[in-house]
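Asks:
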Amino acid sequence: MLHARIEDRGKHSEYLLAVARARAADRTPPARYRVRWRDESGTSHSLIVPSPYLAAAMRVDIACGRAPLTLGDVVDRWSSLPVRSPRPGPPKFPNRRPLDRHVLPRLGRRLAITITRADVERLMSALHAEGQLSATTINSVLAALKRALEHGVRHGHLPSNPALGIRPIPRPA
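Numbering follows the UniProt record's numbering, in which position 33 of the sequence shown is assigned residue number 33; successive positions increment by one, without gaps.
1) For the beta strand (DSSP E) that Leu133 lies in, which residues bound it at each end?
2) Among the candidates Tyr33, Arg5 and Ala4, whose CA atom is the shortest distance from the CA of Leu16?
3) Would the region 92-101 count as touching the region 46-59 if we require 3 or more Cβ pairs under 8 Å?
4) Using CA atoms only, rank isn't needed, just tell me which of Leu164, Lys92, His157 and Ala18 is closest to Gly72.
5) From the beta carbon of Cys64, is the nearest beta carbon of chain C less than 7 Å away?
6) Do His128 and Ile169 count as a contact pair if the criterion is CB distance below 7 Å?
7) I believe Ala112 touches Thr70 by the beta-carbon criterion, under 8 Å. Please report the beta-carbon distance rounded to the nearest angstrom.
8) With distances taken between CB atoms, is the gap from Ala135 to Arg171 smaller than 7 Å?
9) Under the rule that 16 or more other beta-carbon atoms within 10 Å means buried, what is Arg84, buried or exposed?
10) Give, in chain order, every unbroken run of the alpha helix (DSSP H) that is at least 4 residues long and sits entirely within the region 53-87.
11) Beta-carbon separation of Asn161 and Glu150 under 7 Å?
12) What does the Cβ neighbour count give for Ala148, buried or exposed, with the cut at 16 atoms within 10 Å?
13) Suppose the cutoff is 8 Å on Cβ atoms and the five residues either side in sequence are ignored; what does the same chain contact list for Leu107 look like?
14) Tell me, to the nearest whole angstrom, how far the beta carbon of Pro68 is from that of Leu81; I am working on the premise that it is less than 8 Å.
15) Report, in whole angstroms, the separation of the C-beta atoms of Val74 and Gly152, which I expect to be a contact under 8 Å.
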């Protein structure tokens, strides 16, 4: 069993300096909580997350022996399980093509637990602003992302689904 500890960087001088620099430049300040642990080989790891809730979820995952998964790993696990179908025949698998083409190049290497609702909203607005995709295609990307993240929640890889509650882009009349 691995041991992980949560460190609150709220009073560290270098963290306060980084927050002041970010606010002066109108950027988002850095995340406040750091989770530190050592793996079986003794290698030290750390991960910075924005909230104590995410830090506690990460610590539980590490203590249970589950390494933090990237969004790409969550999508791989989701797409490898067949979809239940009342029809006989070979198993059908989820369509991961929209995620492979539009989401994973931008967010695939990020840890799934650190992806927020704002990240998903920025992704959807960026896809819409590029003007190359129709509203229907962008909405299918959002639907596939919601299903993949829900799979991560159901199997204990994520504490919550950050894509829930995001409305689809309205189609032109």
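For glycine and all other residues, C-beta sits at the position ideal for the given N, C-alpha and C.
Everything numeric in this text was worked out from a predicted model, so none of it was measured.
Replies: Based on what the coordinates show:
1) Sequence index remark: in the sequence shown, residue 133 carries index 133 (1-based). Segment: none, Leu133 is in no beta strand (DSSP E) and carries neither H nor E.
2) For the purposes of this step, residue 16 is identified with residue 16 of the sequence shown, where counting begins at 1. Considering only alpha carbons, the answer is Tyr33.
3) no
4) For this step, residue 72 is matched to residue 72 along the sequence shown. Closest option to Gly72, Cα to Cα, is His157.
5) Annotation note: the requested chain C is absent from the structure, which comprises a single protein chain.
6) In the sequence shown, the residue the question calls residue 169 occupies position 169. In the sequence shown, the residue the question calls residue 128 occupies position 128. A contact, by the Cβ cut-off of 7 Å.
7) Here the question's residue 112 lines up with position 112 in the sequence shown. Here the question's residue 70 lines up with position 70 in the sequence shown. Between Thr70 and Ala112 the Cβ distance is about 6 Å, and since that is below 8 Å, they are a contact.
8) As a first step, residue 135 must be located in the sequence shown, where it is residue number 135. As a first step, residue 171 must be located in the sequence shown, where it is residue number 171. Yes, the Cβ-Cβ distance between Ala135 and Arg171 is below 7 Å.
9) As a working mapping, residue 84 is identified with position 84 in the sequence shown. Flag for Arg84 reads exposed.
10) 71-79
11) The sequence position of residue 161 within the sequence shown is 161, counting from 1. The sequence position of residue 150 within the sequence shown is 150, counting from 1. In this structure, Glu150 lies closer than 7 Å to Asn161 by Cβ.
12) By one-based count along the sequence shown, residue 148 stands at place 148. Ala148 should be labelled buried.
13) Within the sequence shown, residue 107 is the residue found at index 107, counting from 1. Within the same chain, Leu107 has close Cβ partners Leu71, Ile115, Asp119 and Leu123.
14) For the purposes of this step, residue 68 is identified with residue 68 of the sequence shown, where counting begins at 1. For the purposes of this step, residue 81 is identified with residue 81 of the sequence shown, where counting begins at 1. At roughly 21 Å, the Cβ-Cβ gap does not stay under 8 Å, so Pro68 and Leu81 are not in contact.
15) Here residue 74 corresponds to residue number 74 of the sequence shown, with the count starting at 1. Here residue 152 corresponds to residue number 152 of the sequence shown, with the count starting at 1. That belief holds up - the Cβ atoms of Val74 and Gly152 are roughly 4 Å apart, short of 8 Å.
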